[in-house]
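Just so we're on the same page, my numbering is the position in the sequence shown counted from 1, plus 4.
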Amino acid sequence: MDALQLQSFVMVVEMGSLSEAAKKLGVTPAAIGARVRALEDDIGVTLVKRTGRFVKPTLAGTNILERSRGVLRELRDLRTAAHSGASIGELRLGVFPTAMTSLLPSVLKRLFSRQPDLKILVSSGTSIELCCKVDDGTLDAAIVVEPQFSVPKACEWRALIAEPLVLVVPRALVGCDAHAVLRREPFIRYDQTLLGGQLAERYLREHAITPHERLELDNVMAIAALVDKGLGVALLPDWEPLWHSGMDIARVTLPHRAPTRRVGLISAIHGPRASLAQTFFTEAKAALREPSDAK
């Protein structure tokens, strides 16, 4: 049994496919298959099985999956501990899609100006997915929308920015009553599986507003582009890049205490990269306090 065999097994289960796991690891499907078979031979049980087009773990595979992930994490941490005296660090960071283009670039600009040897491995996913990956050790930290569930005891979440809900309208509607606009104009809904969309729905219900719903999307910038074309109005988090996009849109402040989406960093409290995650958080807070033209 070796690390490559465990890595291949875990990746096959996560991707549900030998070919997709091979792409992810940069080897051939035959090599992935050989590694998994070697691991099965060593342990003495079948770990994966093909079900239609997908590969799924057997009961034995499911039983050892988390321990296999744990072993791989321990190996990564062992390497980190061995080089703890060096100036170069590596942080496995998750970022939810919207923050990839809005928040992350300015933070990395400041961070790399102070720690040019730092290496950051960035991956994207939904906030819920990223929280789970920090909890199981796949990631060291993640920029996520504030969790709407109890944060695991081994992790902590700290706020970076707050984005109140605003009404996004074509510029011609600036000055109109927000609630009247919501009742009158076609409504472009922000996906209700996302926290921003849930906040919007909550606000509409609290104020007994039933909009004329036209579309539902899960991308803030795409929704703003539709508003720019006069296709409707939308309730969205007050996301800074919208107002520098060149689109002919404007924000209308909502009356009666608009709900707020908070974005922050979730990270492991302990572990070899906990101090690195703290450094990232400190620099992120500082970067987000800087004027926009300095970013």
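From the three backbone atoms N, C-alpha and C, an ideal C-beta is built for every residue, glycine too.
Contacting residues, own chain, Cβ-Cβ under 6 Å from residue i (five flanking each side not counted)
i, result
"Ala163", "Arg266 and Gly268"
"Pro109", "none"
"Val138", "Ala146, Cys159 and Ile270"
"Lys123", "Glu94"
Reduced DSSP category for residue i - H, G, I as helix; E, B as strand; rest coil
i, result
"Arg218", "strand"
"Val138", "helix"
"Pro168", "strand"
"Val155", "coil"
"Gly89", "Any reading at Gly89 must be qualified, since the residue scores a pLDDT of 48, below 50, and its modelled position is unreliable; the value itself is stated next. Of the three classes helix, strand and coil, the one that applies to Gly89 here is coil, per DSSP."
"Ala212", "coil"
"Ala262", "coil"
"Phe285", "helix"
"Pro61", "strand"
"Leu143", "coil"
Residue i at chain B interface by Cβ criterion, 8 Å
i, result
"Asp121", "In the displayed structure, chain B is absent; only one protein chain is listed."
Residue i burial status per 10 Å Cβ neighbour count (16 or more: buried)
i, result
"Gln152", "exposed"
"Met104", "exposed"
"Thr142", "buried"
"Ala182", "buried"
"Ala176", "exposed"
"Ile36", "buried"
"Gly2", "The shown model of the chain, from 5 to 299, leaves out residue 2, and the question about it has no answer."
"Ser91", "Low confidence applies to Ser91: its pLDDT is 39, below 50, so where it sits in the model is not reliable, and the reading given next is rough at best. Result: exposed."
"Asp297", "A caution first: Asp297 carries a pLDDT of 47, below 50, which makes its placement in the model unreliable, though a value can still be read off. Label assigned to Asp297: exposed."
"Arg39", "buried"
Close-in-space but distant-in-sequence residues of the same chain around residue i (CB under 7 Å, 5 per side omitted)
i, result
"Glu217", "Phe191 and Arg193"
"Gln202", "Gln196"
"Ile213", "His183, Leu186 and Arg187"
Residue i versus residue j - alpha carbon distance
i, j, result
"Ala224", "Leu230", "Here residue 224 is Val; the residue named in the question, Ala, does not match the sequence. C-alpha separation (whole angstroms): 10 Å."
"Lys27", "Val16", "11 Å"
"Val59", "Leu186", "47 Å"
"Gly56", "Leu63", "18 Å"
"Val111", "Ala288", "5 Å"
"Asp6", "Arg73", "13 Å"
"Ser23", "Val31", "9 Å"
"Pro61", "Leu221", "34 Å"
"Asp144", "Thr283", "12 Å"
"Arg277", "Ala34", "35 Å"
"Val256", "Leu134", "32 Å"
"Asp252", "Leu280", "41 Å"
"Arg96", "Leu125", "5 Å"
"Leu208", "Leu199", "14 Å"
"Asp140", "Val148", "16 Å"
"Glu70", "Val52", "15 Å"
Residues of its chain near residue i, where Cβ-Cβ distance is below 8 Å and the 5 sequence neighbours each way are ignored
i, result
"Leu235", "Pro190, Ile192, Arg218 and Leu219"
"Ala291", "Ser110, Val111, Lys113, Arg114, Leu115 and Lys299"
"Leu76", "Ala7, Leu10, Gln11 and Val14"
"Gly20", "Phe58, Val59 and Lys60"
"Thr50", "Glu44, Thr62, Ala64 and Gly65"
Is the region 252 to 266 touching the region 160 to 176, taking contact as three or more C-beta pairs under 8 Å? yes
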